Every structure is written in C-alpha cells, then in structure tokens.
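Novice: Under numbering that gives the first Met the number 0, the letters of the sequence shown match residues 0 to 350, in that order.
All C-beta atoms in this analysis are idealised placements derived from N, C-alpha and C, irrespective of residue type, glycine included.
All of these numbers come straight from a predicted model, not from anything done at the bench.
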Amino acid sequence: MPKNLINSLEWLSEPRIVCGLMTGTSLDGIDIAICSFSSAKDNHSFRLLAFNTFPFPSEIKNILKDIISRKRFIDDISLIHFALPKLFAQSIIQLCNDSSIKLTEIDAIGMHGQTVWHQPKQKEIANLRISSTSQLASGSALAKLIGIPVVYDFRAADIALGGEGAPLVPIFDYNFLKSKTENTICLNIGGISNITYLPKNCNTSDIIAFDTGPGNVWIDLIAKEFFNLDYDKNGNLARQGKVNSALLNKLKEISFVQWKPPKSTGRELFNKELLFRLINNITKFDAIATVTYFTAWSIAENIKSFLEPANRLIASGGGANNLFLMELLKKELPTINFAKSDDFGISSDAK
Ligand SMILES: Nc1ncnc2c1ncn2[C@@H]1O[C@H](COP(=O)(O)OP(=O)(O)OP(=O)(O)O)[C@@H](O)[C@H]1O
Ligand SMILES: [Mg+2]
C-alpha cells in the first residue's frame, strides 16, 4: 500500500512499524520508541521493538530554555526548527543501528515537536480571540532528511477547535489501560503532570483529561540551581529536607491547581522566575522537599476535586521514578491502588 494512504484506517489493517518521537517540557532529551502496531476492528495492539532517550546537546538545551523564556529571537528559533530534525534523524538512525531494525522497515514517524509556547487561553488580537501553541522541529525537513513519511503538528487542530492541544495521550490510555470494573486514573509525570481519567467500562465520550500542574519541572530547576544536578534521583535530596510551610502556602496560592478542567499548562506559568521569586531564606534541602511536596499535593488536589473516586492509579513518565514523590502522592491518596504502566506491559519511560 502506498505510504501516502497514511490517513486511511485501512493502513493499519496490516501491522505497521511506527517510530514515535517525543521531546517534552523537561527538556531532558529525545525519547524514541519504535513499535509494531496492529489493528483488527477496534482492537489495537502494539509491541515495543526499541526505545532510547538521546540527551539534548547542552548548546541546544540552553537555547531551547532561552527561547521558552523569551530571551532569544526569530533567527535562533529558525535555527532550532531545523537543528532538531537533524538531531532526530541522527538519533533514529542510531537507535536502528543499536537494535538491528532496518530504517527501511519503518512505515512512518510520529513527531510531537518541542513545545516552546502554549497559550490555550484565548488572547485578543484584531478583534479575534485566538488560542495558540507552538512546537519547533520541522516535520517536512525530517521527512526529507530520513526518507520516511512524518506525521506531525498534532496539537494545532485540537487548539483550533477550542481544545487544550493534547489529543493523543487520552486515546492511547483509553485503548490500552481502560478497565471494565475499575475507575482508572492514568497519571503521567513529565515536566508537567497530566491525567487521563477512565471511568469503569467507559467509552470515548467519558474520557476526562487535563494537566494538574507541575511534574518534574520545578524539582529539576532546584536540582540544577542549588545542587548542580539535572534532576533529584529517586527523590533522595528532597527526602533529606523538611517542608517549609511559608513557601508551601505561597505555592498553594497558584490558582492553576484550582482551575476546573479542561486545562493545560507549561513552562509559561511554571517557570524559574516565579519559583525563585517565592523561595526566600530556606535551605536547599528544604526548598526541594517543599517543591516535591507541592508537586504531589497539586496532583492529589486535582484528583480529589475533579474526579469521581478511583480504584487505581497507573503512573508513567520520568517522575514515576521519583520514589519520594510517589511516596508523598500515595500518602495524599490512601484509598487508591498505585501501579506503574510497566505493570501492564507498557514501559513508563517509553509510553
Ligand atoms: N530516577 C529518577 N528519579 C527522579 N526523577 C527522575 C528519575 N528519572 C527521571 N526523572 C525525572 O523525569 C524527567 C523526565 O521525564 P519525562 O521524559 O517523562 O518528561 P518530559 O520530557 O517532560 O515529557 P512529557 O512532557 O512528554 O511528559 C527528568 O527530567 C527527571 O526530572
Ligand atoms: Mg523527556
């Protein structure tokens, strides 16, 4: 079947090898998963053939951080828009070599792109009310560089229709993690934390999905600023500190946590400037402990405020590896059974 029939459902009637490319808000690196997907009617299945995370070169990461905090101009934005596909192409080739998958076996690449601005709340311009979102990494450039069709720009259509611009994760969770008997929360702790709520025996119109607030973003910022580390491995630094109630109270005033879903957020709100404006005169261990506690609290607060009681929570994303964060979250949600997506055959890092 010609590859340009990618929109047709028929395309999935035979198994397809698809490469997923994700670069999230944590800016930790390029996640690449190569999977074999099959579908029979509504029954989808997949097998993870290869996965790796390729760290961003520090020069790229620093420019991306600067773009996101509005310290760079259009020339650097254009440069990164074309540097990323080059890096992505190199990393896919590397993963294929490491896993003995032939590049020519890959039917399509799904590329999220690097979000550098996300503005789902409308702004007024020229008497128009506009929501917007912006991802860097040219899909056309990647397709030409690697010679494989690239599906990209996933967020724009949803934003244009008044959505929050995150249409894919809820559909994945629905297909692979729903239960006939249990109300299920799928929690992804990336830079930002997001939830898919799947009531028992649900259909697609019952799905609720939204961002709860920070995931690793502020924990990583404190790890970098105060400990010169990229992240707080297993939460071992936070575990050594005490929650500072003055800082915690200030953090709890951030209104996003209380907003009713649907809602989404990013580094536009949960940025370094806001965090360091709030942190005064406390030890670095207490700072990371407090921000880790706030992260757990904000996830739990959203679950308690906006969802029906759930039986189980299935965690994924890099933050699910932060043992201390997960312990705090379990204490906030004592009646829910916790699992990781790995327990259901889905690698929580590759998800
Ligand atoms: N062992 C660990 N202990 C603590 N934190 C970890 C550990 N492993 C990963 N992390 C955290 O996970 C982060 C990366 O998570 P992930 O890649 O899921 O987020 P992301 O790139 O923002 O993705 P997305 O926005 O798509 O959810 C790291 O920056 C780090 O903070
Ligand atoms: Mg990542």
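Roughly how many angstroms separate the alpha carbons of Cys18 and Glu267, rounded to a whole number?
Specialist: The straight-line gap from Cα to Cα measures roughly 29 Å.
Novice: By a C-beta neighbour count over all protein chains shown, 10 Å radius and 16 as the cutoff for buried, is Ala125 buried or exposed?
Specialist: Flag for Ala125 reads exposed.
Novice: Drop a sphere of 10 angstroms on the beta-carbon of Glu123, count the other beta-carbons inside from all chains shown, and report buried for 16 or more, exposed for fewer.
Specialist: So Glu123 counts as exposed.
Novice: Could you check where the alpha helix (DSSP H) with Pro169 kicks off and where it finishes?
Specialist: Segment 167-176, the alpha helix (DSSP H) holding Pro169.
Novice: Quick one: which unbroken alpha helix (DSSP H) runs of 4-plus residues sit fully inside the segment 48-74? Chain order, please.
Specialist: Entirely contained in the segment 48-74, the alpha helix (DSSP H) runs reaching 4 residues are, in chain order, 57-67.
Novice: Determine, using beta carbons only, whether Glu307 and Asn187 come nearer to each other than 8 Å.
Specialist: In this structure, Asn187 does not lie closer than 8 Å to Glu307 by Cβ.
Novice: Should the segment 185-205 be regarded as contacting the segment 234-251, the criterion being three or more beta carbon pairs within less than 8 Å?
Specialist: Contact fails: fewer than three Cβ-Cβ distances are below 8 Å.
Novice: Please state if the CB of Gln134 and the CB of Gly161 are separated by a distance shorter than 8 Å.
Specialist: Not a contact, by the Cβ cut-off of 8 Å.
Novice: Ligand 1 and Ile374: does any heavy atom of the ligand fall closer than 7 Å to the residue's C-beta?
Specialist: The structure shown does not extend to residue 374, since the chain is modelled only from 0 to 350, so the question has no answer here.
Novice: Identify whether Cys201 lies in helix, strand or coil by the three-state DSSP scheme.
Specialist: Here Cys201 sits in coil by DSSP.
Novice: Give the secondary structure of Phe153 by DSSP, where H, G and I count as helix, E and B as strand, and everything else as coil.
Specialist: In the structure shown, Phe153 sits in a helix (DSSP, three-state: H, G or I).
Novice: Taking a contact to mean a Cβ-Cβ separation below 8 Å, would you say Asp172 touches Leu144 in this structure?
Specialist: Contact: no.
Novice: Met110: beta carbon under 7 Å from a heavy atom of ligand 1?
Specialist: Incorrect: Met110 has no Cβ contact closer than 7 Å to ligand 1.
Novice: Going along the chain, which residues of its own chain have a beta-carbon closer than 6 Å to the beta-carbon of Phe53, five neighbours each way excluded?
Specialist: These residues qualify, in order along the chain: Gly28, Ile29, Ser90.
Novice: Quick one: Cα of Ala159 to Cα of Asn280, how far?
Specialist: Taking the straight line joining both Cα atoms gives about 44 Å.
Novice: Going by C-alpha to C-alpha distance, which of Ile59, Ala295, Leu11 sits closest to Phe36?
Specialist: The candidate whose alpha carbon is nearest that of Phe36 is Leu11.
Novice: Can you tell me the Cβ-Cβ gap for Asn270 and Asn310, rounded? I've got them flagged as a contact below 8 Å.
Specialist: In fact, because the Cβ distance is near 36 Å, the residues do not count as touching under 8 Å.
Novice: Nearer than 7 Å: is that true of the beta carbon of Asp30 relative to any heavy atom of ligand 2?
Specialist: Indeed, a heavy atom of ligand 2 lies less than 7 Å from the Cβ.
Novice: Given a cut-off of 8 Å on the beta-carbon distance, is the pair Leu324 and Thr289 in contact?
Specialist: Their beta carbons are not under 8 Å apart, which means Leu324 does not touch Thr289 by this criterion.
Novice: Excluding five sequence neighbours on each side, which residues of the same chain lie with their C-beta closer than 6 Å to the C-beta of Phe363?
Specialist: With the chain covering only 0 through 350, there is no way to say anything about residue 363.
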